[in-house]
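Quick note on UniProt numbering: the sequence shown kicks off at 1 and runs consecutively. Structure first, then comments.
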Amino acid sequence: MYNLVLLAARPPEWTHEQFITWWRGDHAELTYRLPGLRSWRHTDIDAALEPRSEGWDGISVLGFDSPEDLRKALASPEWAAAVAQVGDMKGRRIAVLGHEAEMFSA
Numbered sequence: 001m002y003n004l005v006l007l008a009a010r011p012p013e014w015t016h017e018q019f020i021t022w023w024r025g026d027h028a029e030l031t032y033r034l035p036g037l038r039s040w041r042h043t044d045i046d047a048a049l050e051p052r053s054e055g056w057d058g059i060s061v062l063g064f065d066s067p068e069d070l071r072k073a074l075a076s077p078e079w080a081a082a083v084a085q086v087g088d089m090k091g092r093r094i095a096v097l098g099h100e101a102e103m104f105s106a
């Protein structure tokens, strides 16, 4: 699996609950349509382990079969629509790409 991992923080004028509702609602409707999307996991962050990790609201892990499939998704009209919906909402994000390795499964 090749993943796009997004760590995001809400716009300053939104509550955490508003942001998660939007991300899992209106924004999710666009995300589901990404071509080649194989999986999507979302974490609603409710606590930071330590002070340097504070200030984030959620993590999304979008899975694709290959880097090429992810590149196609990022070049798609569906991705453009998702980016346009975010617009200038003034939240923060970190976006990284990489290969997944399952390290443990019970």
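From the three backbone atoms N, C-alpha and C, an ideal C-beta is built for every residue, glycine too. Keep in mind it's a predicted model, so treat the numbers as computed, not measured.
Endpoints, the beta strand (DSSP E) within which residue i is located
i, result
"A9", "2-9"
Beta-carbon proximity of residue i to residue j, cut-off 8 Å
i, j, result
"D57", "A9", "yes"
"P11", "G87", "no"
"W40", "S66", "no"
"P35", "A73", "yes"
"F64", "L37", "yes"
"L7", "R93", "yes"
"E78", "R33", "yes"
"A82", "H27", "yes"
One or two residues paired with residue i in a DSSP bridge
i, result
"G98", "N3"
Runs of beta strand (DSSP E) lying entirely within the UniProt domain "EthD" (12-84), each at least 3 residues, in chain order:
Look at the UniProt domain "EthD" (12-84) and you find these whole runs of beta strand (DSSP E), each 3 residues long or longer: 39-44, 58-64.
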